[in-house]
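2 protein chains.
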Amino acid sequence: MGLSKTEIFTDKQNQIAQYAKVFGHPARVAILQYLYKLNACVCGDLVDEIGLAQPTISQHLKELKQLGLIKGNVEGTSVCYCIDADNWKRMKEVMSEFLNQDLNQNDCC
Amino acid sequence: MGLSKTEIFTDKQNQIAQYAKVFGHPARVAILQYLYKLNACVCGDLVDEIGLAQPTISQHLKELKQLGLIKGNVEGTSVCYCIDADNWKRMKEVMSEFLNQDLNQNDCC
DNA sequence: TTTATTCATTGCAATATTACGATTAACTTC
DNA sequence: GAAGTTAATCGTAATATTGCAATGAATAAA
Numbered sequence: 031m032g033l034s035k036t037e038i039f040t041d042k043q044n045q046i047a048q049y050a051k052v053f054g055h056p057a058r059v060a061i062l063q064y065l066y067k068l069n070a071c072v073c074g075d076l077v078d079e080i081g082l083a084q085p086t087i088s089q090h091l092k093e094l095k096q097l098g099l100i101k102g103n104v105e106g107t108s109v110c111y112c113i114d115a116d117n118w119k120r121m122k123e124v125m126s127e128f129l130n131q132d133l134n135q136n137d138c139c
Numbered sequence: 031m032g033l034s035k036t037e038i039f040t041d042k043q044n045q046i047a048q049y050a051k052v053f054g055h056p057a058r059v060a061i062l063q064y065l066y067k068l069n070a071c072v073c074g075d076l077v078d079e080i081g082l083a084q085p086t087i088s089q090h091l092k093e094l095k096q097l098g099l100i101k102g103n104v105e106g107t108s109v110c111y112c113i114d115a116d117n118w119k120r121m122k123e124v125m126s127e128f129l130n131q132d133l134n135q136n137d138c139c
């Protein structure tokens, strides 16, 4: 069906999945890494940096923006993007809690 | 196209995306959380625990197994699953490095 | 040996994702 | 205003994902 049954899972589980999903494409990972690498916003050169067509980049940016991980500002003809530090921190807390679960089980398998 | 252009990204970026993708579905998140919650392997009751049909669960387990995050052992008629602690740790290192990037940029947007 | 039980696999329908050409919108500059 | 620049949106093709009924395989119980 391609349609996840989100209603049978907890909010937390859906939230984790939603964050993870957006990281589930190398282009979005690359965009975020690039935004981090720079000491400032990216204005324009993302299409050259990542090797995808402009509409494709724009689409990936939209998904990142919808989750709040980046924010953009219109700056004349171009749009500047950067990481939304507050939301990134919030995301990190949710993901860390999931990734850092304590493993107190016997390795019985 | 639905087909990611993995060849234009680094191995690291693809690896992060691959891990994230598998966490990008609440059923797989729920399965992993359940495996962690128990102090032992899960033998059988996953279908009752998560609210999806048996073939669907089986498919999600397969994806988790393919990435090495869980391992399973045949135990009579049932199969027992548990977290693969070593691989989980390896995954955690990769994901943490990505999530914990230092934010030394000016918040110019 | 028959009958359950349990999980994997197959096949398929519905929906989602990825990518990009074409176009549009908004702004600059001439 | 006309022309150029940049990024968003639209439309569409190709592929992936999700979910489950049906079936199969393997073992256990009778």
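First to last, the protein sequences are chains A and B. For the first sequence, this note's numbering begins at 31 and goes up steadily by one. For the second sequence, this note's numbering begins at 31 and goes up steadily by one. Idealized CB from N, CA, C, for every residue including glycine.
query, result
"Going along chain A, which residues have a C-beta under 9 Å from B:His55?", "Ser34, Ala47, Ala50 and Lys51"
"Name the residues in the stretch 85 to 102 of chain B whose C-beta lies less than 7 Å from a C-beta of chain A; which are they?", "Lys101 and Gly102"
"Kindly indicate which residue of A:Ile46, A:Leu65 and A:Lys42 has the alpha-carbon position closest to the one of A:Cys110.", "A:Leu65"
"By a C-beta neighbour count over all protein chains shown, 10 Å radius and 16 as the cutoff for buried, is A:Leu99 buried or exposed?", "buried"
"In this structure, what does DSSP give as the bridge partners for A:Lys101?", "A:Cys112"
"Compare the C-beta of B:Asn44 against all C-beta atoms of chain A and say whether one is closer than 8 Å.", "yes"
"A:Leu82 CB to nearest chain B CB: under 8 Å?", "yes"
"Determine the direct distance from the alpha carbon of A:Ser88 to that of B:Val62, and round the result to whole angstroms.", "In the sequence as presented, Val is not what sits at residue 62 of chain B; that position holds Leu. B:Leu62 and A:Ser88: Cα-Cα distance of roughly 33 Å."
"Please report the residue range of the alpha helix (DSSP H) in which B:Ala57 lies.", "Pro56 to Lys67"
"Between the C-alpha atoms of B:Lys101 and B:Lys122, what's the straight-line distance to the nearest angstrom?", "17 Å"
"If B:Ile46 and B:Val104 are in contact, beta carbons under 8 Å, what's the gap, nearest whole angstrom?", "Between B:Val104 and B:Ile46 the Cβ distance is about 32 Å, and since that is not below 8 Å, they are no contact."
"Using only CA atoms, which one of B:Lys92, B:Gly74 and B:Ala60 lies nearest to A:Phe39?", "B:Ala60"
"Could you list which residues in chain A have their beta carbon closer than 8 Å to that of B:Val124, in chain order?", "The contacting residues do not exist; B:Val124 stays about 10 Å from chain A at best."
"Just list the residues that DSSP pairs A:Val72 with in beta bridges.", "A:Tyr111"
"Return the CA-CA distance between B:Gln48 and A:Gly54, expressed in angstroms with no decimal places.", "6 Å"
"Contact defined as beta carbons within less than 8 Å: I believe A:Arg58 pairs with A:Leu94. What is the distance between those atoms, to the nearest angstrom?", "6 Å"
"Report buried or exposed for A:Leu33, applying the criterion of at least 16 other Cβ atoms within 10 angstroms of its Cβ.", "exposed"
"May I have the straight-line CA-CA distance separating A:Ser126 from A:His90, to the nearest angstrom?", "24 Å"
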